[in-house]
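K.L.:
My structure is below; once you've seen it, I'll send some questions.
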Amino acid sequence: MRFSKQEKNMKTMRAANIIEKDVILNMDETVAAEMEFYEQILKKFRSKYGDLTEFESKIANAELPEHPNWEKSIEYRNAYEELENLKRIKGVFDWILNSLTQQKHSSESAILQKPLRT
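Heads up: the sequence shown begins at 463 in this note's numbering, then just goes up one per residue.
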């Protein structure tokens, strides 16, 4: 049985997607673990200092001593911004994984719809 050039290309694309999908899944899991790490850090900051914006406002209005609270607010802000960045990255990975899944289904559908050679 001989495969057409299109069928060979589809097999190559599927193999590439499997590799790419595995890499993306691995990276997605890493980002999810980092997100959990920063969520735990933020939980500790919230329990100790309350809402970030309110904490920063209290420091700016001299309701709290600047030292060491200013340094803590910087750490708090950095953790918050890092989590937001990770959420965006995870969104991109989720989009790529969804795209690869749709592409795979489209490719399989195209192969199934192709008339058989006799």
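Here a beta-carbon is modelled for each residue, glycine too, at the ideal position from N, C-alpha and C.
#1: Three or more C-beta pairs under 8 Å: does that hold for the region 479-496 against the region 504-519?
#2: According to DSSP, is residue 531 helix, strand or coil?
#3: Tell me which same chain residues have a C-beta within less than 8 Å of the C-beta of residue 549, skipping the five on either side of it?
#4: Is the region 487-507 in contact with the region 550-563, if contact means three or more CB pairs nearer than 8 Å?
#5: Which residues bound the alpha helix (DSSP H) around residue 526?
#6: Pull up the distance between the alpha-carbon of residue 513 and that of residue 528, whole angstroms please.
#7: If residue 538 sits next to residue 507, beta carbons under 8 Å apart, how far is it from one beta carbon to the other, in whole angstroms?
#8: Is DSSP giving residue 553 helix, strand or coil here?
#9: Thinking C-alpha only, which one of 530, 503, 495, 466 is nearest residue 542?
P.N.:
For this structure:
#1: no
#2: helix
#3: Hits under 8 Å: 497.
#4: yes
#5: From DSSP, residue 526 is part of no alpha helix (DSSP H); its letter is neither H nor E.
#6: 17 Å
#7: 5 Å
#8: Residue 553 falls in the helix class under three-state DSSP.
#9: 503
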